[in-house]
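Colleague: A single structure is presented below for examination.
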Amino acid sequence: MLALQKNKYKYWIASIILMILGATRAASVGNDLRGGYSLEFSSIQMDPTTWGHYMPQFERGFAWLMAFFKTYISSTSIYFFHLVFFFSFGCMIFFVKKQSRHPAMVMFFMFALAYYFSFYNIMRQEMAFAFICALSFAPIWGVDDLVPKPHERGKIIMAISIVVVVAFLIHNSQIILLLAIPAYLFYQKKFFDTKYMIFLIALSAVFSMTLAKHAFAWMGNFAYLFAGSNSNTAGYMVYSENFGLYSTSANLVNSLVAIYIVYSCRFKRTPFLLLFVLGACLQNVLTPISWIFARVANTFLFFKIFVFADLWYEIPNKKERNVYRMVIFCYSVMMFANRLINDHENDVVPYVNYYIERFL
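All residue numbers for the sequence shown refer to the working numbering, where the first residue is -5 and numbers rise by one.
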């Protein structure tokens, strides 16, 4: 009981520190703030004809929020982005606390695996993702991972509705989170046993190394479905210069880690594990086609932080648990360093605090 109480304090201390860092950062921290987001804010008004001059891909809901804030609250753009971070990360803090027996360790993996940095750099997507987790998934997913009873089907319908509305208003890509609901409902089925999930990961890894070019050619045939929209999707589906920019060796390492995690979870299945496997397979299949599709995979790979945290404490065999801790700690260090190297230390480094910079 005392250990759980200490972990609770650790969780809130870590959450508050990470919240303050993100909600007070300077405009130089994060690629979004240095790019079109700030330019869009400079020209936007409540009049819809002013929306999308610099960022035509903005969904109407996000554009309205930006225009409303500028018109009625403050014309200083950084305050709007601080508020976006506050609500987005606040929703994620709530979701993590509700979903895990080990929230402090979940928060550690969120930072160590660099998912925290996404709240700085893909703000709209993370805002939609966090809202969906807190408003749609939190009411139906309990820490004990119980399957909803028939009288709770109304919650499932509400969850689906929230996913659709938030995706439509904030970031269209998050409509893919509709897949998380059936994954939650059916994760206990024998069809998703350990051997089957390992087979799916291995099969997707083989696909990644051998058939990606064919998949790219096939995908281009459907790009016309997205032509003319504000989305960048059509371009991502036909730009051949994106092909091969994502490391095959990285996918192989991630696949081996995923297989290891699934095997380590053989004593316990959770919906988070199934979503992690789905993300690993999508990563293998999509990222060789275009690096941008890593965002799609990461939507589901994010849930592995819950799996990693559970295994840290709950692997029954002490020796196996210690080996797991060593492997995952090394993997986390590698992923953290890889994130900074791939982004040339431009997304979060150097960190500058807006208020300290302003008043010094």
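Heads up, the beta-carbon is just placed ideally off N, CA and C, and yes, glycines get one too.
#1: Taking the alpha-carbon of Phe105 as reference, which of Leu269, Leu246, Ala8 has the nearest alpha-carbon?
#2: Scan the region 93 to 161 and note each continuous alpha helix (DSSP H) run of 4 residues or more that stays entirely inside, going in chain order.
#3: How long is the line joining the alpha carbons of Ala274 and Thr264, rounded to whole angstroms?
#4: Considering Cα atoms alone, identify which of Lys313, Leu59, Ala174 is closest to Phe294.
#5: Could you work out which residue in Lys64, Glu314, Gln277, Val321 is closest to Val251 when comparing CA atoms only?
#6: Buried or exposed: where does Ser68 fall if 16 or more other Cβ atoms within 10 Å of its Cβ makes it buried?
#7: Measure the CB-CB distance between Leu268 and Ala177 and report whether it falls below 8 Å.
#8: Using the rule of at least 16 other Cβ atoms within 10 Å of the residue's Cβ for burial, across every protein chain shown, is Glu53 buried or exposed?
#9: How many angstroms separate the CA atom of Leu107 from the CA atom of Tyr345?
#10: Let's test the definition: count the other Cβ atoms within 10 Å of the Cβ of Ser37 and tell me whether it reaches 16, buried, or not, exposed.
#11: Going by DSSP, name the residue or residues bridged to Asn347.
#12: Quick one: Cα of Arg118 to Cα of Val256, how far?
#13: For the candidate residues Phe103, Tyr325, Gly46, whose alpha-carbon lies nearest to that of Tyr5?
#14: Taking 7 Å as the cut-off, is the beta-carbon of Ala274 closer than that to any non-hydrogen atom of the ligand HEM?
#15: Count the C-beta pairs between the region 124 to 134 and the region 38 to 57 that are closer than 8 Å, then say yes if the count reaches three, no if not.
#16: Would you say Ala291 and Ser249 are within 8 Å of each other, going by their C-beta atoms?
#17: Report buried or exposed for Asp187, applying the criterion of at least 16 other Cβ atoms within 10 angstroms of its Cβ.
#18: Closest to Lys184 by CA distance: which of Thr281, Ile253, Lys262 is it?
#19: Report the residue from Cys85, Arg28, Gln182, Ser243 whose alpha carbon sits nearest the alpha carbon of Pro133.
Modeller: Quick look at the numbers:
#1: Here residue 105 refers to the residue found at position 111 of the sequence shown. Selected option, being the one with the closest Cα: Ala8.
#2: 97 to 106, 112 to 115, 117 to 126
#3: Stepping through the sequence shown from its first residue, residue 274 is reached at position 280. Stepping through the sequence shown from its first residue, residue 264 is reached at position 270. Between the C-alpha atoms of Ala274 and Thr264 there is a straight-line separation of about 16 Å.
#4: Along the sequence shown, read from residue 1 onward, the residue named residue 294 stands at position 300. Considering only alpha carbons, the answer is Ala174.
#5: Here residue 251 is taken as the residue at index 257 of the sequence shown, counted from 1. Per the Cα distances, Val321.
#6: Position 74 of the sequence shown, counted from the first residue, corresponds to residue 68. It counts as exposed.
#7: Within the sequence shown, numbered from 1, the residue matching residue 268 stands at position 274. Within the sequence shown, numbered from 1, the residue matching residue 177 stands at position 183. Contact: yes.
#8: Along the sequence shown, one-based indexing puts residue 53 at 59. Buried: at least 16 other Cβ atoms inside 10 Å.
#9: The residue labelled residue 107 in the question sits at position 113 within the sequence shown. The residue labelled residue 345 in the question sits at position 351 within the sequence shown. Cα to Cα, the separation comes out at about 18 Å.
#10: Here residue 37 refers to the residue found at position 43 when the sequence shown is read from its first residue. Ser37 comes out exposed.
#11: As a working mapping, residue 347 is identified with position 353 in the sequence shown. Looking at the DSSP assignment, Asn347 forms a beta bridge with Arg19.
#12: Position 124 of the sequence shown, counted from the first residue, corresponds to residue 118. Position 262 of the sequence shown, counted from the first residue, corresponds to residue 256. Whole-angstrom Cα-Cα distance: 31 Å.
#13: Translated into the one-based positions of the sequence shown, residue 5 becomes position 11. Checking every option, the nearest Cα to that of Tyr5 belongs to Phe103.
#14: Ligands displayed in this structure: none; no statement on the ligand HEM is therefore possible.
#15: no
#16: The residue you call residue 291 lines up with position 297 of the sequence shown. The residue you call residue 249 lines up with position 255 of the sequence shown. In this structure, Ser249 does not lie closer than 8 Å to Ala291 by Cβ.
#17: Residue numbering aside, residue 187 sits at position 193 when the sequence shown is read from its first letter. It counts as exposed.
#18: One-based indexing of the sequence shown puts residue 184 at position 190. Cα-wise, what sits closest to Lys184 is Lys262.
#19: Counting from 1 along the sequence shown, the entry for residue 133 is found at position 139. Across the set Cys85, Arg28, Gln182, Ser243, the C-alpha of Cys85 shows the shortest separation from the C-alpha of Pro133.
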